[in-house]
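Presented below is the structure to which this report refers.
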Amino acid sequence: TYSSPAKSLGDPGITPLSPSHIAKDSDADDAVEQLFLVVVAIDFGTTSSGYAYSFTKEPECIHVMRRWEGGDPGVSNQKTPTTILLTPERKFHSFGYAARDFYHDLDPTESKHWLYFEKFKMKLHTTGNLTMETDLTAANGKKVKALEIFAYALQFFKEQALKELSDQGGSDFENSEVRWVITVPAIWKQPAKQFMRQAAYKAGMASPENPEQLIIALEPEAASIYCRKLRLHQMIDLSSRAPVNGYSPSDTIGTGFTQAKEHVRRNRQSRTFLVENVIGEIWSELEEGSDRYIVVDSGGGTVDITVHQIRLPEGHLKELYKATGGPYGSLGVDYEFEKLLCKIFGEDFIEQFKIKRPAAWVDLMIAFESRKRAAAPDRTNPLNITLPFSFIDYYKKFRGHSVEHALRKSNVDFVKWSSQGMLRMSPDAMNALFKPTIDQIVQHLSDVFDKPEVTNVKFLFLVGGFAESPLLQQAVQSAFGSRCRVIIPQDVGLTILKGAVLFGLDPAVIKVRRSPLTYGVGVLNRFVEGKHPPEKLLIKDGTRWCTDVFDKFISADQSVALGETVARSYTPAKPSQLVIVINIYSSEQDNVSFITEPGVKKCGTLRLDLTGTDASVPNRREIKTLMQFGDTEIKAMAIDVATSKSVKVGIDFLNY
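Taking full-length UniProt numbering, I'd label the letters of the sequence shown as residues 1 to 656.
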């Protein structure tokens, strides 16, 4: 049973605008919930991906997907690499380890015709003007529409999950019985979220007619939902304040982590996690209403930071500061390694090698990945990275001298050549590759801690794949350990996946969010002498109007409750008009007066379709639109006031 958000808003600061609408909405939701037999969440990551599921009848059991074939040395993982391979005819061939291994085994003359993609998710974050037509570049330099690649990847997960569910239940599982949840970074803008939704429709997970079948979940929110449920034995406390599980403070970082890993390994055989229907003991220390916690989700591509407050006893969450973060994921470490290689062997060679021997380049990065995971603050022995034979061979052809020679004359003194054909990196050299990325994360966190909204932080949860890095753990602990307790859930790479399943089972758990931007539309207002600038004056039929006025729906960092709506009425310019298209503008600033101000961008359209509504209504029709900003995506609905009939409305941040 879902309580109406209106009832659980004990917070006088937020009055729902139209309670009748809210109450109606949450009842409608109840009916929907019963239709799905299972919730499947897909954590579509920059470097690795996976899915987990739970049957709505037994929500306390979360099943993580079957073990994957393949796998890398030094990487014990329930997830699979986010890599995808298309045939030379651009048809889907394989995903994950299978794609990587097949691509790797192709003859170089053949492999240059195949299209291999990895780490492509970041493109949605970095593309300023994302559209359905945005391209991705394969390892061989060829371009394919990003939408196709994302749809292929989601379709792959859809088929894997349905197959596993069917095998388990002994009968075919229909897509219609599944509610899908896809995770995205909280700092993603609206177009990227809509892009994911479109890709999922293309993959057949849900459809524009049935959008509720798919929920977009924000990664750190999912982590936060899971962290509320943590029991003491399921986490590692890096702070030296209290021993966790009886470890003394001094050995928490080193041994605590290894012992926890052992514990996880023993449980590896079981892929089912029990989530007790209670809020974990850790929260008993939180004072109701005043205590906050921060979730730092550090993944392959991005770092996402959210600040939440928990409302007991239900454990509802309230966001206290808009999600922040940036492209400070562990990819930054790979990028530093690439820069190091360019410094030693020359940028011209590395560029050529990537194009001419793409599979060997992938190999080299896999070798680096496993050493990257061995980096630790107290490590004293060097890390060896095997160079693929074709690297050594191609370098000699390219330069006319050996790799060994290059290393000798490169004066990068902490990287040596070992006689077994490996790059030997001193621990300091490896740590230096992490430094820029970790420094950015720590700096960003300091900025968040300095915000007035962010006081009384009791806990900092470090989650996501990069959180497994002892170097990052130590940096965060030493920077913030005196202000709050730094906690890492066990199986930290699966935290988001498990939380996304819980979110799919109960999307109403997060009651209050903060809008990341100021949104509004451009309107005409009556011109007021002295208040409005003369250059905005427009005289129409003898009436004086002020143009370009920004009518604000919501401000950046404003609190919005789930289900709370912003209402506006619009009238067609002439009775015969069948479509009203309204431009939506956004800004990072709070106080915006005109849409022409610097920093105000057109970001989408609101489209009201008036066809099929009764034409015999009075001449001046009034269309009332209700927009919701309190969910993970912006939603809209509209009503023709005269007839109370609903009007078809589209809100679009991608194709405007």
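Each residue gets a CB set at the ideal place from its N, CA and C atoms; glycine is no exception.
Rounded separation between L460 and V296 - CA only: 7 Å
heavy atom of the ligand COA below 7 Å from Y656 C-beta: The ligand COA is not part of the structure shown, which contains no ligands of any sort.
Cut-off 7 Å between Cβ atoms - residues of its own chain near G599, not counting five sequence neighbours on either side: S587, E588 and Q589
Alpha-carbon spacing of residue 694 relative to K119, whole angstroms: No statement about residue 694 is possible, as the shown extent of the chain runs from 1 to 656 and does not include it.
Strand pairing of F92, partner residues [DSSP]: L86
Residues that DSSP places opposite T80 in a beta bridge: S49
Exposed unless 16 or more other CB atoms sit within 10 angstroms - verdict on V579: exposed
Beta-carbon gap between A500 and A41 smaller than 8 Å: yes
Which of helix, strand or coil DSSP assigns to T643: coil
Complete runs of the alpha helix (DSSP H) confined to the region 167-236 [at least 4 residues]: 190-202 and 219-227
8 Å CB neighbourhood of P208 in its chain, flanking five on each side removed: Y201
Enclosing beta strand (DSSP E) for Y585 [first to last residue]: V579 to S587
Of the listed residues L407, I385 and Q440, nearest to D304 (C-alpha basis): Q440
Buried/exposed call for D43, threshold 16 Cβ in 10 Å: buried
Nonlocal neighbours in the same chain, by C-beta distance under 7 Å from K372, ignoring five residues either side: V333
Secondary structure, alpha helix (DSSP H): runs of 4+ residues fully inside the region 505-545: none
Rounded Cβ spacing between Y116 and Y103 (contact assumed at less than 8 Å): 5 Å
Continuous alpha helix (DSSP H) stretch holding W114: start and end: That residue, W114, is in no alpha helix (DSSP H); it is neither H nor E in DSSP.
Inter-residue spacing [alpha-carbon to alpha-carbon] between T437 and H316: 33 Å
G325 - DSSP class collapsed to helix/strand/coil: strand
Host alpha helix (DSSP H) of M132 (start-end): Segment: none, M132 is in no alpha helix (DSSP H) and carries neither H nor E.
For R607, the residue or residues it bridges with in DSSP: V581 and G650
From T87, R620 and L494, residue whose alpha carbon lies closest to that of A223: L494
Residue range of the unbroken beta strand (DSSP E) whose run includes Q309: V303 to R311
Range of the contiguous beta strand (DSSP E) that encloses I488: R485 to P489
Identity of the residue in P572, I294 and I584 nearest V457 by Cα: I294
Straight-line Cα distance separating K645 from D551: 26 Å
Q628 (DSSP reduced to helix, strand or coil): strand
Rounded straight-line distance, which links the Cα of W545 to that of I595: 15 Å
Sequence ranges, alpha helix (DSSP H) only - wholly within the region 426-503, length at least 4: 427-449 and 470-480
Through-space distance from A367 to residue 695, alpha-carbon basis: With the chain covering 1 to 656 only, the question about residue 695 has no answer from this structure.
Y395 versus A406: straight-line alpha-carbon distance, rounded: 9 Å
Beta-carbon spacing of M205, Q194 below 8 Å: no
Residue nearest to Q577 in terms of C-alpha spacing, selected from R607, A561 and L462: R607
DSSP-derived helix/strand/coil call for H401: coil
Touch test, the region 150-167 against the region 85-100, Cβ-Cβ under 8 Å, three pairs minimum: yes
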